[in-house]
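Written out below as structure tokens is the structure these notes cover.
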Amino acid sequence: MAFREKTAWLVLASMLVAYTLYFGMILADHPAGREVLPMLWLFGRITLVQLFVVIAGSILIAARTPKEARARADERDRAIARRGGAVGYYVLMVGMILVGVVMPFVDTGVTLVNAALLALVIAEAVRHGVILLSYRRGWHG
Amino acid sequence: MANPPFTNDIRTLRFLAGEMTQGALGDRVGVTRQTIAAIEQGKYSPSLEVAFRIARVFGKPLETVFQWDANRD
Numbered sequence: 000m001a002f003r004e005k006t007a008w009l010v011l012a013s014m015l016v017a018y019t020l021y022f023g024m025i026l027a028d029h030p031a032g033r034e035v036l037p038m039l040w041l042f043g044r045i046t047l048v049q050l051f052v053v054i055a056g057s058i059l060i061a062a063r064t065p066k067e068a069r070a071r072a073d074e075r076d077r078a079i080a081r082r083g084g085a086v087g088y089y090v091l092m093v094g095m096i097l098v099g100v101v102m103p104f105v106d107t108g109v110t111l112v113n114a115a116l117l118a119l120v121i122a123e124a125v126r127h128g129v130i131l132l133s134y135r136r137g138w139h140g
Numbered sequence: 000m001a002n003p004p005f006t007n008d009i010r011t012l013r014f015l016a017g018e019m020t021q022g023a024l025g026d027r028v029g030v031t032r033q034t035i036a037a038i039e040q041g042k043y044s045p046s047l048e049v050a051f052r053i054a055r056v057f058g059k060p061l062e063t064v065f066q067w068d069a070n071r072d
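So the protein lines, in turn, are chains A and B. The first sequence begins at 0 in numbering that gives the first Met the number 0 and counts up by one. The second sequence begins at 0 in numbering that gives the first Met the number 0 and counts up by one.
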């Protein structure tokens with residue numbers, strides 16, 4: 000498995016765990032779903048933990064395959080990254096349009112921010128999913 | 000994903016070049032070992048530049064390394 004594929008798995012897995020926890024807590028009526036400071040506090044902590052996991056995991060993967068980690072992305076890596084970015088962009092656009100549509104019907108900005116965060120997380124998950132699928136199944140750009 | 004409409008003889012040419020590894024070929028071409036593996040397996044269509052670079056490593060014309068397969072077209 001390529002170094003970039005391993006790191007994509009790491010980012011996707013850590014992101015799914017972190018934000019399933021975050022949005023699960025919001026659905027379970029955590030104050031982060033209603034108030035600004037609890038939202039910032041919860042989101043900040045979960046994001047920092049995820050960031051730490053990704054950095055530590057990337058260092059570990061790089062230590063096990065130092066030559067691959069040092070190598071620059073080649074044309075296949077770049078083509079796959081572009082494909083993931085393009086698909087993720089459309090998902091993000093649809094998500095943001097939906098956030099705009101529901102905007103007049105919500106009473107607090109916190110709900111809107113959480114909806115936008117959800118759109119971001121889904122778009123990023125799709126981006127990494129497409130990248131992983133392209134590495135696994137092949138890519139004929 | 001469907002295979003591209005061409006095949007290649009990179010595996011055979013590596014064997015004939017003294018069992019050249021995918022990594023060694025990748026280093027000479029400027030791509031990763033995984034990209035060479037993906038090209039060999041028909042999972043990735045290389046750019047024209049990389050295709051020419053591979054052919055140059057083996058000292059062969061492009062059509063000796065890559066062959067159009069009308070059945071897959």
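All residues carry an ideal CB built from backbone N, CA and C; glycine is no exception. Small disclaimer: the values here were computed from a predicted structure and weren't measured.
Threonine 34 (chain B) has a beta carbon lying within less than 8 Å of a beta carbon in chain A.
Sixteen is the threshold: when 16 or more other Cβ atoms of the shown chains lie within 10 Å of the Cβ of asparagine 113 (chain A), as they do, the residue is buried. Residue pairing from DSSP places threonine 6 (chain B) in a beta bridge opposite B:Gln66. The C-alpha of isoleucine 60 (chain A) lies about 31 Å from the C-alpha of phenylalanine 14 (chain B).
For valine 64 (chain B), the nearest beta carbon of chain A is not closer than 8 Å to its own beta carbon. DSSP places methionine 102 (chain A) outside any alpha helix (DSSP H), giving it a letter other than H or E.
Setting aside the 5 residues that flank it on each side, phenylalanine 51 (chain B) is surrounded in the same chain by Leu61, each with a C-beta closer than 7 Å to its C-beta; the list follows chain order. Using a CB distance below 9 Å, the part of the region 50-67 of chain A facing chain B consists of Lys66 and Glu67, ordered along the chain.
Here the alpha carbon of arginine 82 (chain A) sits roughly 33 Å from the alpha carbon of leucine 26 (chain A).
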